[in-house]
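Just below is one structure, and these are the notes that go with it.
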Amino acid sequence: MAALYPSNEWCEEWKKAINNSERCAEKGKNWGADFNGNWVFELTPSGGLTKTTYVYLGAKDGKCTDARLLNDPSEADAGFYAVGPYEEYKKVVKGEKDFIEGMVRGIFKLRGDMSKIMRNAQFIRAVADSISAFEAEYLGE
Amino acid sequence: MPTIDDFIRPKEWVSDFATNLGKVLRRWGEEKYVPIRQQVDEDWKEHKLIEPLMKEILVDLGINAAFFPAEAGGTDMSDPMALTSIICEELARIDSGFAVACICSIWGLVPILLKPHRNMGLCIEFGEKFCGDELYVGCHAMTEPASGSDVENFGRMKGRTIDTTATLDGDGWIINGHKIWCTNSGKIGDIYVVVCTTKKGSTDPNDFALILVPADTEGVSVGNSYHKCGMSADMNTDVWFDHVRVPKRYRLHGPGDDLKYWRRAISMGNVGSAAMCIGIMKNVYEIIKKWTTERVVVDKALKEHSIVADMLSEVAILIESTSAWLWTYTREMDHPEIYGWDPWDERFLLKTRGLALFANNNVERACSRAMDFMGSYGYAREFDIEKHWRDQKVIGIWMGGKGLKTLENARYWYDIKTL
Numbered sequence: 033m034a035a036l037y038p039s040n041e042w043c044e045e046w047k048k049a050i051n052n053s054e055r056c057a058e059k060g061k062n063w064g065a066d067f068n069g070n071w072v073f074e075l076t077p078s079g080g081l082t083k084t085t086y087v088y089l090g091a092k093d094g095k096c097t098d099a100r101l102l103n104d105p106s107e108a109d110a111g112f113y114a115v116g117p118y119e120e121y122k123k124v125v126k127g128e129k130d131f132i133e134g135m136v137r138g139i140f141k142l143r144g145d146m147s148k149i150m151r152n153a154q155f156i157r158a159v160a161d162s163i164s165a166f167e168a169e170y171l172g173e
Numbered sequence: 338m339p340t341i342d343d344f345i346r347p348k349e350w351v352s353d354f355a356t357n358l359g360k361v362l363r364r365w366g367e368e369k370y371v372p373i374r375q376q377v378d379e380d381w382k383e384h385k386l387i388e389p390l391m392k393e394i395l396v397d398l399g400i401n402a403a404f405f406p407a408e409a410g411g412t413d414m415s416d417p418m419a420l421t422s423i424i425c426e427e428l429a430r431i432d433s434g435f436a437v438a439c440i441c442s443i444w445g446l447v448p449i450l451l452k453p454h455r456n457m458g459l460c461i462e463f464g465e466k467f468c469g470d471e472l473y474v475g476c477h478a479m480t481e482p483a484s485g486s487d488v489e490n491f492g493r494m495k496g497r498t499i500d501t502t503a504t505l506d507g508d509g510w511i512i513n514g515h516k517i518w519c520t521n522s523g524k525i526g527d528i529y530v531v532v533c534t535t536k537k538g539s540t541d542p543n544d545f546a547l548i549l550v551p552a553d554t555e556g557v558s559v560g561n562s563y564h565k566c567g568m569s570a571d572m573n574t575d576v577w578f579d580h581v582r583v584p585k586r587y588r589l590h591g592p593g594d595d596l597k598y599w600r601r602a603i604s605m606g607n608v609g610s611a612a613m614c615i616g617i618m619k620n621v622y623e624i625i626k627k628w629t630t631e632r633v634v635v636d637k638a639l640k641e642h643s644i645v646a647d648m649l650s651e652v653a654i655l656i657e658s659t660s661a662w663l664w665t666y667t668r669e670m671d672h673p674e675i676y677g678w679d680p681w682d683e684r685f686l687l688k689t690r691g692l693a694l695f696a697n698n699n700v701e702r703a704c705s706r707a708m709d710f711m712g713s714y715g716y717a718r719e720f721d722i723e724k725h726w727r728d729q730k731v732i733g734i735w736m737g738g739k740g741l742k743t744l745e746n747a748r749y750w751y752d753i754k755t756l
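Chains A and B supply the protein sequences, listed in that same order. When we follow our numbering, the leftmost residue of the first sequence carries the number 33, and every step to the right adds one. When we follow our numbering, the leftmost residue of the second sequence carries the number 338, and every step to the right adds one.
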């Protein structure tokens with residue numbers, strides 16, 4: 033059964049997908065080594081989402097340490113914080129949009145060390161691509 | 338009080354990501370480079386200090402990989418001109434010689450890196466090195482002893498003066514020739530993008546060739562580093578190619594397309610040069626602002642004297658006006674769908690010469706006026722104005738110098754036929 037994006041079930045699937053991905057393990061071996069590699073994704077209402085939602089992704093050494101929804105972003109300690117419309121995040125989850133390109137073009141606003149993104153682009157892409165390993169369903173569709 | 342971040346950079350055209358990348362470079366520069374800037378200036382011969390710093394920018398901060406496609410291990414950044422302008426400006430604020438050394442590592446590869454004319458085979462083959470953990474530096478080998486900037490004056494010379502030849506021999510090219518003044522030549526460059534002709538004396542665009550030559554290929558040799566007035570972080574030497582054989586696939590595109598997409602690199606070079614001029618001017622602004630605020634003459638800060646305020650006003654105007662032009666052309670290059678011409682269009686190349694010339698003249702003026710008002714402190718090494726003053730002169734001379742820039746700009750706007 034497909035997990036609804038965003039939901040804790042979906043987060044759990046994503047965590048499994050990342051931890052089963054050899055590519056994530058290989059490309060992310062230095063991720064979070066000497067910096068906070070955790071993420072909070074803020075999904076703003078659009079495309080069927082009616083309430084701002086926060087997705088937390090703990091990431092270190094090419095593995096996902098935790099993935100869940102947050103009630104408030106302050107619940108997690110994250111080095112990277114990305115804000116964007118749910119409609120655009122859906123495109124990333126569906127593999128229709130490149131997350132890094134979205135950040136560069138300003139569709140997703142990022143707070144965090146850009147240089148870590150530049151240096152670890154292959155890991156970021158591997159994490160985004162890992163989503164395609166499981167079925168998802170979406171709000172507003 | 339306004340800072341250098343208040344000069345024109347349209348927020349609706351430059352994403353937060355790109356702006357923040359600039360801040361990362363600035364912070365790095367303040368911490369790692371500025372404290373040893375004057376030592377770096379003495380490192381022109383060996384580059385013992387400079388090479389590790391280049392590694393930090395090109396490898397650790399990912400600039401080498403920025404435009405390589407994701408399939409080749411790169412970051413695949415969009416809006417390449419905007420990012421290049423920010424990189425050039427921020428690094429030139431610290432040291433324009435260092436800025437050119439870093440950006441030129443990938444400059445020659447523009448014809449194969451950028452969409453929609455990517456050569457994916459070469460990107461993947463060399464992406465492994467450019468996007469890897471070790472420093473790997475590119476060098477665009479263009480200028481020649483006999484023809485100098487004539488190589489770049491393709492609109493009129495049409496490549497007839499290019500002496501470096503590429504001869505197809507079975508499944509490989511044989512390169513023979515001599516290049517000079519190339520950024521990252523000498524012991525720095527790991528791979529050359531060599532401007533060649535497949536038929537000496539030809540004016541046929543199909544004979545213009547861009548060919549990759551790894552520096553360790555048999556027959557490649559280099560001279561000693563030139564001792565220049567400035568730009569010490571940019572190593573320039575002679576490079577000789579003596580019956581150098583490389584695979585046929587190392588030609589970037591092929592007849593006609595090599596020249597076509599090279600024009601995009603030249604346009605980016607013009608815009609990037611202007612960005613470096615702005616970077617220098619912004620540092621000049623910071624230096625003179627501090628100087629004229631802290632120095633007291635006849636019971637008031639220097640900047641409170643009208644003749645000094647005149648100079649300060651002019652420097653601010655030079656930065657503001659150059660920035661406005663720079664960002665307009667940067668936008669045009671990254672968004673051809675709005676402006677109606679391709680980034681490799683020859684007309685755009687001619688136009689960007691005007692921007693480069695304007696920026697060159699402005700930075701020269703800004704450095705000179707700042708030095709005039711700082712007096713002896715202006716030409717003392719400790720205050721860095723004299724460094725920028727020496728360095729900026731080189732920007733004005735490279736890529737064809739002010740003569741070619743003037744002619745090509747006039748050629749565009751007035752449809753001049755014979756110059």
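Virtual Cβ for every residue (Gly too), placed ideally from N, Cα, C.
Would you say F404 of chain B reaches chain A, if we count a Cβ-Cβ gap shorter than 8 angstroms as a contact?
For this step, residue 404 of chain B is matched to residue 67 along the second sequence. Cβ-Cβ to chain A under 8 angstroms: no for F404 of chain B.
Output needed in chain order: residues of the stretch 406-431 of chain B with a Cβ under 8 angstroms from some Cβ in chain A.
A407, G410, G411, T412, D413, M414, S415, D416 and L420
Pick from B:V583, B:T574 and B:K637 that is closest to T504 of chain B, judged by C-alpha positions
For the purposes of this step, residue 504 of chain B is identified with residue 167 of the second sequence, where counting begins at 1. That would be B:V583, whose Cα lies nearest to the Cα of T504 of chain B.
Quick one: list the residues of chain E neighbouring N357 of chain B, beta-carbon separation under 7 angstroms, in chain order.
Among the chains of the structure shown, chain E does not appear; the protein chains present are A and B.
Nearest-angstrom Cα distance between N152 of chain A and T97 of chain A?
Sequence index remark: in the first sequence, residue 152 of chain A carries index 120 (1-based). Sequence index remark: in the first sequence, residue 97 of chain A carries index 65 (1-based). Those two C-alpha atoms are separated by around 18 angstroms.
Would you list, in sequence order, the uninterrupted alpha helix (DSSP H) runs of no fewer than 4 residues that lie entirely inside the stretch 446-483 of chain B?
447-450 and 457-467
S442 of chain B at chain A interface by Cβ criterion, 8 angstroms
On the second sequence, residue 442 of chain B is found 105 positions in, with the first residue counted as 1. So, not an interface residue.
Per DSSP, what kind of secondary structure is A747 of chain B in: helix, strand or coil?
For the purposes of this step, residue 747 of chain B is identified with residue 410 of the second sequence, where counting begins at 1. Here A747 of chain B carries a helix assignment [DSSP, helix/strand/coil].
So which of A:S39, A:E133, A:G134 and A:R157 has the shortest CA-CA distance to T84 of chain A?
Along the first sequence, one-based indexing puts residue 84 of chain A at 52. For the residues A:S39, A:E133, A:G134 and A:R157, the minimum Cα distance to T84 of chain A belongs to A:S39.
Going by DSSP, what residue range makes up the alpha helix (DSSP H) through C439 of chain B?
Residue numbering aside, residue 439 of chain B sits at position 102 when the second sequence is read from its first letter. It spans P417 to W444 - the alpha helix (DSSP H) in which C439 of chain B sits, taken as one unbroken run.
What residue range does the alpha helix (DSSP H) around N40 of chain A cover?
The residue given as residue 40 of chain A occupies position 8 in the first sequence. Unbroken alpha helix (DSSP H) run through N40 of chain A: N40 to N51.
Taking 8 angstroms as the threshold (beta carbon to beta carbon), is I132 of chain A in contact with chain B?
Looking up residue 132 of chain A in the first sequence gives position 100. Judged by the 8 angstroms Cβ criterion, I132 of chain A is in contact with chain B.
Please list the partners that L89 of chain A has in chain B, where partner means a Cβ-to-Cβ separation under 8 angstroms.
Stepping through the first sequence from its first residue, residue 89 of chain A is reached at position 57. Neighbours of L89 of chain A on chain B: none; closest Cβ ~19 angstroms, over 8 angstroms.
Excluding the five sequence neighbours on either side, which residues of its own chain have a C-beta within less than 6 angstroms of the C-beta of K742 of chain B, listed in chain order?
For the purposes of this step, residue 742 of chain B is taken as residue 405 along the second sequence, with counting starting at 1. Excluding sequence neighbours, K742 of chain B sits near R690, A693 and L694.
Residue range of the beta strand (DSSP E) that S558 of chain B falls in?
The residue given as residue 558 of chain B occupies position 221 in the second sequence. Looking at the DSSP string, the run of the beta strand (DSSP E) that includes S558 of chain B is V557 to V559.
Could you tell me whether the Cβ atoms of A165 of chain A and G60 of chain A are closer together than 8 angstroms?
The count along the first sequence starts at 1 and reaches residue 165 of chain A at position 133. The count along the first sequence starts at 1 and reaches residue 60 of chain A at position 28. No, the pair does not count as a contact, with Cβ atoms beyond the cut-off.
How close, in whole Å, do the beta carbons of W510 of chain B and I548 of chain B come, if the pair is a contact with beta carbons under 8 angstroms?
To locate residue 510 of chain B, count along the second sequence from 1; it is residue 173. To locate residue 548 of chain B, count along the second sequence from 1; it is residue 211. Their Cβ separation, rounded to whole angstroms, is 6 angstroms, which keeps W510 of chain B and I548 of chain B in contact under 8 angstroms.
Using only the alpha-carbon positions, how far apart do G134 of chain A and C43 of chain A sit?
What you label residue 134 of chain A is simply residue 102 of the first sequence in a count that begins at 1. What you label residue 43 of chain A is simply residue 11 of the first sequence in a count that begins at 1. Rounded to whole angstroms, G134 of chain A to C43 of chain A spans 21 angstroms at the Cα level.
Taking Cβ positions only, does L142 of chain A come closer than 8 angstroms to chain B?
Start at 1 with the first residue of the first sequence, and residue 142 of chain A comes out as number 110. Cβ-Cβ to chain B under 8 angstroms: yes for L142 of chain A.
Runs of 4 residues minimum, wholly inside the stretch 668-705 of chain B: which ones carry the alpha helix (DSSP H) assignment?
Here the runs fully enclosed are 673-676.
Start-to-end residues for the alpha helix (DSSP H) that takes in T629 of chain B
Here residue 629 of chain B is taken as the residue at index 292 of the second sequence, counted from 1. Run containing T629 of chain B: D594 to E631, per the alpha helix (DSSP H) assignment.
If you run the structure through DSSP and keep just helix, strand and coil, what is L589 of chain B?
The residue given as residue 589 of chain B occupies position 252 in the second sequence. L589 of chain B falls in the coil class under three-state DSSP.
Taking the straight line between their C-alpha atoms, what separation do you get for N746 of chain B and G737 of chain B?
Here residue 746 of chain B is taken as the residue at index 409 of the second sequence, counted from 1. Here residue 737 of chain B is taken as the residue at index 400 of the second sequence, counted from 1. So the two alpha carbons sit approximately 12 angstroms from each other.
In this structure, what does DSSP give as the bridge partners for N521 of chain B?
Locating residue 521 of chain B in the second sequence gives position 184, where the first residue counts as 1. Its beta-bridge partners do not exist; DSSP assigns none.
Shorter than 8 angstroms from the beta carbon of L472 of chain B to some beta carbon of chain A?
Reading the second sequence from its first residue, position 135 is the one you call residue 472 of chain B. No, L472 of chain B does not count as interfacial toward chain A.
Kindly list the residues whose CB is nearer than 6 angstroms to the CB of E167 of chain A, restricted to its own chain and excluding five residues on each side of it in sequence; keep chain order.
Along the first sequence, one-based indexing puts residue 167 of chain A at 135. Counting only Cβ-Cβ distances below 6 angstroms, and skipping sequence neighbours, we find A34.
Less than 8 angstroms between the C-beta atoms of I499 of chain B and T534 of chain B, yes or no?
To locate residue 499 of chain B, count along the second sequence from 1; it is residue 162. To locate residue 534 of chain B, count along the second sequence from 1; it is residue 197. A contact, by the Cβ cut-off of 8 angstroms.
S442 of chain B: which of B:I732, B:A602 and B:T665 sits nearest, CA to CA?
Numbered from its first residue, the second sequence carries residue 442 of chain B at position 105. Looking at the Cα atoms, B:A602 is the closest of the given residues.
Sequence ranges, beta strand (DSSP E) only - wholly within the stretch 68-152 of chain A, length at least 3
71-76, 85-92, 95-102, 112-117 and 141-143
Note down, in chain order, every chain A residue with its Cβ under 7 angstroms from the Cβ of F354 of chain B.
Looking up residue 354 of chain B in the second sequence gives position 17. Residues of chain A passing the Cβ test: M135, V136, G138, L142 and M146.
Assess, as a yes-or-no matter, whether the stretch 555-570 of chain B is touched by the stretch 481-488 of chain B under the definition of 3 or more beta carbon pairs within less than 8 angstroms.
no
Alpha-carbon spacing of Y529 of chain B relative to L639 of chain B, whole angstroms
Position 192 of the second sequence holds residue 529 of chain B. Position 302 of the second sequence holds residue 639 of chain B. Going by C-alpha positions, Y529 of chain B is about 50 angstroms away from L639 of chain B.
In the DSSP assignment, what are the bridge partners of D506 of chain B?
Here the question's residue 506 of chain B lines up with position 169 in the second sequence. For D506 of chain B, which the question treats as bridged, DSSP gives the partners B:G509.
Quick one: does R151 of chain A have its CB under 8 angstroms from some CB of chain B?
To locate residue 151 of chain A, count along the first sequence from 1; it is residue 119. By this cut-off, R151 of chain A is an interface position.
Once you ignore the five residues that flank E651 of chain B on each side, which residues in its own chain have a CB closer than 7 angstroms to its CB?
As a first step, residue 651 of chain B is located in the second sequence; it is residue number 314 there, counting from the start. Around E651 of chain B, the same chain offers R706 as residues with beta carbons nearer than 7 angstroms, after the five sequence neighbours per side are excluded.
Same chain, Cβ closer than 6 angstroms to A436 of chain B, neighbours up to 5 away in sequence not counted:
As a first step, residue 436 of chain B must be located in the second sequence, where it is residue number 99. Taken in chain order, the residues that qualify are C425, L428, A429 and M613.
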